[in-house]
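Chains as they are written, first to last, in the numbering used here: chain V, 3 to 463; chain F, 348 to 801.
Even for Gly, the Cβ is constructed at its ideal location relative to N, Cα and C.
In this text the structure is predicted, and so the values were computed from the model without any measurement.
Below is one structure, written out as structure tokens; the observations come after it.
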Amino acid sequence: MKDFLTKINSTATQKYGAQYAEARAQKLYKTMLNLKEERVEAAKQGIENGVALRVLVNGAWGFASVGSFDGEILESAVSDACRMAKMASSRLKTPIKLAEAKVVNDRVEAKPKKNPADILMEDKVKTALAVNKASLGFDKRVKSCTTDYFDLTGTSYFVNSDGTSIEQDKMYVWARITASALNEGVFTFSREEIGSTAGYEIFDKQAPEALGEKVAKLAIEQLSAKSLKGGTFPVVLGPNVVGVFVHEAFGHLAEADLALSGGILASNMGKKIGSDLVTFYDDGTIEGSFGAFKYDDEGVQTQKTMLIKDGIVSGLMHNRETAQKFNAEPTGNARAEDFRVEPIIRMRCTYMAPRDHSFEELIEKVKQGYFFKRFRGGQANLDGTFQVGIQEGYEIINGEIGGPVRDASISGNTLETLHKIDAVGKDFMLDPGRCGKGQTAFISDGGPHIRVKEVVVGGSA
Amino acid sequence: MAVLKKDTMISLAENSVNEALKSGASEAEAYVYEGQATNIGIELGQISKTNRIIDRGVGIRVVANRAVGFAYTNIIDDQKAVESVILRALNAAKASKPDADWKGLPQKKPYTSLEKTFDDKIVELGSEELVNVASTMLDSAGQVDKRVFPIEGGIGSAYISNAIANSNGISGFDKGTVIECSLATLAKEGSAVTPVCFEFNASRNYDIDPVWVGKEAAKLAVSALKTKSVETKSTKLIMTQFALQDLFAYTLVNAVRADSVQRNQSPFKGKIGEKVASENLTIYDDGLFPGGLRTMAFDGEGVPHQKTAVIEKGVLRNFLYDNYSAKKEAKESTGNAARAGYLSTPSIDTSNFHVMPGNKTSEQMLSEVDDGLIIYYLQGAHSSNPVSGEFSVVATPAWKIRKGEIVHCSRGVMLAGNIFEVLKNVSLVGSNERQMGQLISPWIQVENVRVIGK
Numbered sequence: 003m004k005d006f007l008t009k010i011n012s013t014a015t016q017k018y019g020a021q022y023a024e025a026r027a028q029k030l031y032k033t034m035l036n037l038k039e040e041r042v043e044a045a046k047q048g049i050e051n052g053v054a055l056r057v058l059v060n061g062a063w064g065f066a067s068v069g070s071f072d073g074e075i076l077e078s079a080v081s082d083a084c085r086m087a088k089m090a091s092s093r094l095k096t097p098i099k100l101a102e103a104k105v106v107n108d109r110v111e112a113k114p115k116k117n118p119a120d121i122l123m124e125d126k127v128k129t130a131l132a133v134n135k136a137s138l139g140f141d142k143r144v145k146s147c148t149t150d151y152f153d154l155t156g157t158s159y160f161v162n163s164d165g166t167s168i169e170q171d172k173m174y175v176w177a178r179i180t181a182s183a184l185n186e187g188v189f190t191f192s193r194e195e196i197g198s199t200a201g202y203e204i205f206d207k208q209a210p211e212a213l214g215e216k217v218a219k220l221a222i223e224q225l226s227a228k229s230l231k232g233g234t235f236p237v238v239l240g241p242n243v244v245g246v247f248v249h250e251a252f253g254h255l256a257e258a259d260l261a262l263s264g265g266i267l268a269s270n271m272g273k274k275i276g277s278d279l280v281t282f283y284d285d286g287t288i289e290g291s292f293g294a295f296k297y298d299d300e301g302v303q304t305q306k307t308m309l310i311k312d313g314i315v316s317g318l319m320h321n322r323e324t325a326q327k328f329n330a331e332p333t334g335n336a337r338a339e340d341f342r343v344e345p346i347i348r349m350r351c352t353y354m355a356p357r358d359h360s361f362e363e364l365i366e367k368v369k370q371g372y373f374f375k376r377f378r379g380g381q382a383n384l385d386g387t388f389q390v391g392i393q394e395g396y397e398i399i400n401g402e403i404g405g406p407v408r409d410a411s412i413s414g415n416t417l418e419t420l421h422k423i424d425a426v427g428k429d430f431m432l433d434p435g436r437c438g439k440g441q442t443a444f445i446s447d448g449g450p451h452i453r454v455k456e457v458v459v460g461g462s463a
Numbered sequence: 348m349a350v351l352k353k354d355t356m357i358s359l360a361e362n363s364v365n366e367a368l369k370s371g372a373s374e375a376e377a378y379v380y381e382g383q384a385t386n387i388g389i390e391l392g393q394i395s396k397t398n399r400i401i402d403r404g405v406g407i408r409v410v411a412n413r414a415v416g417f418a419y420t421n422i423i424d425d426q427k428a429v430e431s432v433i434l435r436a437l438n439a440a441k442a443s444k445p446d447a448d449w450k451g452l453p454q455k456k457p458y459t460s461l462e463k464t465f466d467d468k469i470v471e472l473g474s475e476e477l478v479n480v481a482s483t484m485l486d487s488a489g490q491v492d493k494r495v496f497p498i499e500g501g502i503g504s505a506y507i508s509n510a511i512a513n514s515n516g517i518s519g520f521d522k523g524t525v526i527e528c529s530l531a532t533l534a535k536e537g538s539a540v541t542p543v544c545f546e547f548n549a550s551r552n553y554d555i556d557p558v559w560v561g562k563e564a565a566k567l568a569v570s571a572l573k574t575k576s577v578e579t580k581s582t583k584l585i586m587t588q589f590a591l592q593d594l595f596a597y598t599l600v601n602a603v604r605a606d607s608v609q610r611n612q613s614p615f616k617g618k619i620g621e622k623v624a625s626e627n628l629t630i631y632d633d634g635l636f637p638g639g640l641r642t643m644a645f646d647g648e649g650v651p652h653q654k655t656a657v658i659e660k661g662v663l664r665n666f667l668y669d670n671y672s673a674k675k676e677a678k679e680s681t682g683n684a685a686r687a688g689y690l691s692t693p694s695i696d697t698s699n700f701h702v703m704p705g706n707k708t709s710e711q712m713l714s715e716v717d718d719g720l721i722i723y724y725l726q727g728a729h730s731s732n733p734v735s736g737e738f739s740v741v742a743t744p745a746w747k748i749r750k751g752e753i754v755h756c757s758r759g760v761m762l763a764g765n766i767f768e769v770l771k772n773v774s775l776v777g778s779n780e781r782q783m784g785q786l787i788s789p790w791i792q793v794e795n796v797r798v799i800g801k
């Protein structure tokens with residue numbers, strides 16, 4: 003495969019005058035299950051093979067993707083890519099350049115205890131059924147339960163015209179469980195995701211029955227939850243909400259492509275934008291986590307990147323193009339969902355570093371506020387407006403946790419909110435997730451429990 | 348690369364079905380997809396990216412012992428690869444569980460011919476012309492105001508074809524084209540940065556207007572510069588198509604899917620024939636809408652697309668069915684099995700979700716609002732409760748309307764409520780219909796929505 007891809011790159015550089023060329027080939031296998039209650043709606047297996055070719059010609063990108071390993075087809079695709087790039091380059095004001103990247107030759111093997119490719123489909127179906135049965139059996143008011151299971155195995159090959167050549171195994175195991183409950187006209191909905199790059203052994207750590215019960219319990223508890231009144235309140239956020247806040251409200255702004263696109267961080271490098279308690283990382287090196295990998299899709303080794311240290315912006319997430327613009331090092335954040343698409347800057351495992359408070363210490367000073375434990379969706383804008391929906395939340399009254407509240411959300415301006423973080427817990431937890439930025443990326447996020455002095459809480463009461 | 352011919356696609360689908368039956372399937376279906384797309388990308392205000400993506404594949408659904416198995420591959424020029432996919436699908440069925448409710452794949456029905464879904468001009472467009480269009484759009488935005496920065500966008504043209512065959516004799520082919528240009532902008536003044544504003548044109552025919560897209564995207568950003576806070580209260584909203592598309596997709600659409608109803612996940616259960624919305628509101632699901640972005644001859648199971656009344660003058664008329672959910676109630680599919688090309692099994696979704704227009708133009712609608720907000724983009728619609736319909740979202744941004752005029756923009760305004768209450772409080776429906784993804788709708792005016800300001 004290496005020689006084959008090298009040859010295509012040479013065609014681009016020698017025949018069509020590309021300054022840079024890379025070829026990324028994939029042979030991927032997927033297994034997917036959709037279970038609704040005790041019905042297996044579909045058991046699915048997929049094969050996806052293909053090549054992505056990316057070239058830089060006169061400072062403009064050309065990209066072509068083909069689901070084929072046929073030499074002639076790829077030669078024609080690379081000629082298309084070079085021709086189109088040349089066409090686009092005619093209007094360029096600022097030609098694209100790439101930062102230097104270390105030349106690498108490596109083979110990265112996945113070494114799971116239980117490779118999902120070796121697990122019989124029957125067993126995967128059994129596991130998913132166990133989740134749904136446990137969920138439905140938890141309480142009669144649980145009316146539906148859906149488990150979507152997904153695993154991906156295979157190999158990715160990366161070769162570029164700088165001389166880098168990497169063969170890297172891919173392995174992801176993921177499941178999402180949702181449940182709905184109904185009682186006296188009140189509808190509730192809950193969900194949970196698990197995901198790992200370690201292997202199928204994730205189900206040894208998180209028993210399917212326990213997963214099912216957890217989701218069911220959440221839906222049942224929400225039945226008695228009150229709608230809350232909107233307004234500005236102090237809140238304590240659980241690691242699951244902190245993770246999505248770090249990812250959505252801050253992380254996207256620290257993606258160098260978005261920072262360059264007018265995001266608020268580019269002008270704040272080295273400046274203090276949050277309380278002293280705020281330290282954030284984006285880290286691709288946490289083994290087994292859903293956002294972990296060794297090399298990104300530009301062949302750059304992943305790393306632990308510090309984004310904010312004690313409230314001061316210390317770094318951004320880069321690919322080779324943005325690293326050159328910022329005169330920084332590439333950070334290994336260029337990721338492509340598959341061979342159909344180009345690599346773009348994506349997060350890996352993004353989290354807040356823990357400090358010193360216990361959970362009790364965090365809530366004891368809150369007279370009237372909320373404890374938001376788990377999120378349901380979040381989003382941010384380049385101007386720093388964020389929103390995080392809450393699926394599990396409670397009142398805090400005079401320093402104590404009160405009754406559950408439903409369908410709340412928090413929102414605000416990221417920079418203002420970072421200044422309002424006034425206490426950070428000593429615990430730490432990560433959750434897997436999927437992030438959409440035109441393409442889907444597997445990520446993790448998390449942190450400790452934290453307290454925010456005030457934030458806008460949306461509710462319909 | 349030349350596109351696959353109709354005959355090639357249909358015979359691949361039919362042969363796969365026959366092969367699957369020979370290999371032991373009691374029923375079989377094959378879905379063949381081809382997409383060829385060319386995109387010119389704008390980044391940081393300049394055209395700097397191009398791509399050409401060719402994606403083909405076949406997805407094969409088999410039934411064995413009343414259990415469904417599915418497998419796909421994107422290698423279709425190799426008979427062995429296709430055979431191995433059939434075996435994988437059969438293995439998946441064997442690993443699966445028999446389904447007592449499985450009543451078979453759909454039967455053959457005639458297809459209607461479509462209007463305005465294919466344009467030779469789009470297929471023939473060269474990358475040079477696409478670069479010119481992108482450039483025109485960029486220049487138009489730049490001419491509006493110096494404070495505007497086009498951040499990303501581009502133009503893309505695509506040819507898409509689908510073929511389906513099943514063991515009940517269904518055999519269909521549909522080809523179509525799409526072209527889309529879009530521009531995201533923001534405006535900067537001093538240290539103030541507006542939220543990202545966005546405009547686009549998407550069409551099945553080569554009739555997009557890049558000048559309008561560039562200008563509108565820029566105008567929206569400029570109008571977002573002047574901001575003031577709004578008070579917390581219940582107020583009148585004009586919801587544009589951007590906001591409606593987002594909110595409906597995560598709430599209302601779920602409530603009208605027959606599988607949600609059957610699984611007790613819809614507040615509409617048992618309410619057919621009842622009033623569930625304001626009588627100003629009529630919604631059809633119309634898979635045959637001329638030039639609709641989701642218009643196709645058939646759905647993901649080869650069932651003909653049709654026009655289905657969902658809500659008529661506020662009264663709930665029908666739910667949306669695929670073949671499985673329909674058979675469960677001894678009904679006919681409404682042609683709402685959606686499919687992600689060859690990669691997925693069918694699942695229920697809207698085709699073109701058509702909110703019927705009223706009489707008032709956008710100018711009339713605005714001029715008649717004494718005190719209210721107009722909402723373009725929403726943030727967090729996907730965090731809505733898909734079952735209860737409760738939402739709590741941020742408008743990014745909202746524009747304040749006073750005495751019939753847009754007076755300023757406001758950031759961080761939260762809207763909270765329940766979609767089913769919103770439907771009841773629709774007081775006016777505009778005439779300014781436009782297509783956005785699966786939605787075809789005019790602006791809608793809603794009373795009494797809870798707004799949380801600062």
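query, result
"DSSP three-state assignment for Leu464(V), whether helix, strand or coil", "Summary: the structure shown does not reach residue 464(V), with chain V confined to residues 3 through 463, and so no result is reported for it."
"Cβ of Val68(V) within 8 Å of any chain F Cβ", "yes"
"Stretch-stretch touch, CB-based, cutoff 8 Å, three pairs: the stretch 152-162 of chain V with the stretch 24-35 of chain V", "yes"
"Sequence ranges, beta strand (DSSP E) only - wholly within the stretch 124-182 of chain V, length at least 3", "144-162"
"Residue from Ala565(F), Glu536(F) and Leu667(F) whose Cα sits closest to the Cα of Gln609(F)", "Leu667(F)"
"8 Å Cβ cutoff met for Ala375(F) and Leu368(F)", "yes"
"Neighbour flag for Tyr506(F) against chain V, beta carbons, 8 Å", "no"
"Local Cβ density within 10 Å of Pro457(F), reported as buried at 16 or more and exposed below that", "exposed"
"Against chain V: residues of the stretch 608-626 of chain F by CB proximity under 7 Å", "Arg610, Asn611, Gln612 and Pro614"
"Beta carbon proximity, Ala136(V) to chain A, threshold 8 Å", "The chain labelled as chain A is not found among the protein chains of the depicted structure, namely V and F."
"Cβ-based burial, Lys444(F) [other Cβ within 10 Å; buried from 16]", "buried"
"Cut-off 6 Å between Cβ atoms - residues of its own chain near Ala512(F), not counting five sequence neighbours on either side", "Ala360, Glu361, Val364, Ala377 and Ser518"
"Chain-order list of residues whose beta-carbon lies under 8 Å from that of Asn772(F) (same chain, five-residue window excluded)", "Ser625, Val793, Glu794, Asn795 and Val796"
"Val432(F) to Val454(V) span [Cα, whole Å]", "53 Å"
"Beta-carbon contacts of Gln785(F) that lie in its chain and below 6 Å, excluding the five residues immediately before and after", "Arg641, Thr697 and Phe700"
"CA-to-CA distance, Lys396(F) to Gly500(F), given in whole angstroms", "10 Å"
"Contained alpha helix (DSSP H) runs [length at least 4] in the stretch 185-211 of chain V, N- to C-terminal order", "204-207"
"As assigned by DSSP and simplified to three states, the class of Arg641(F)", "coil"
"Beta carbon proximity, Ala488(F) to chain V, threshold 8 Å", "no"
"Among Ala488(F), Asn515(F) and Ser474(F), nearest to Ala505(F) - alpha-carbon criterion", "Ser474(F)"
"CA nearest to the CA of Ser358(F), picked from Ser731(F), Asn509(F), Lys463(F) and Asp486(F)", "Asn509(F)"
"Cross-chain neighbours of Leu262(V) in chain F, by beta carbon under 9 Å", "Glu390, Leu391 and Ile498"
"One or two residues paired with Pro434(V) in a DSSP bridge", "Ser446(V)"
"CB contact flag (Asp298(V), Thr304(V), <8 Å)", "yes"
"CA-to-CA distance, Lys566(F) to Ser192(V), given in whole angstroms", "41 Å"
"First and last residue of the uninterrupted beta strand (DSSP E) at Ser471(F)", "According to the sequence displayed, residue 471(F) carries Glu and not Ser. Careful: Glu471(F) lies outside any beta strand (DSSP E), inside the alpha helix (DSSP H) at Asp467 to Glu471."
"Delimiting residues of the alpha helix (DSSP H) encompassing Glu366(F)", "Lys353 to Lys369"
"Helix, strand or coil at His359(V) [DSSP, three-state]", "strand"
"Anticipated Cβ contact below 8 Å, Lys622(F) with Val657(F), distance rounded", "Not a contact, Cβ separation roughly 14 Å."
"Spatial neighbours of Thr8(V) in its chain, beta-carbon cut-off 7 Å, leaving aside the 5 residues before and after", "Val161"
"Cut-off 7 Å between Cβ atoms - residues of its own chain near Asp171(V), not counting five sequence neighbours on either side", "Val110, Glu111, Ala112 and Thr157"
"Short Cβ contact (8 Å threshold) for Phe738(F) with Leu594(F)", "yes"
"Between the CA atoms of Ile121(V) and Ser167(V) - distance to the nearest angstrom", "31 Å"
"At least 3 beta-carbon pairs within less than 8 Å: the stretch 387-397 of chain V vs the stretch 238-248 of chain V", "yes"
"Segment contact flag, the stretch 232-239 of chain V with the stretch 367-381 of chain V, C-beta cutoff 8 Å, min 3 pairs", "yes"
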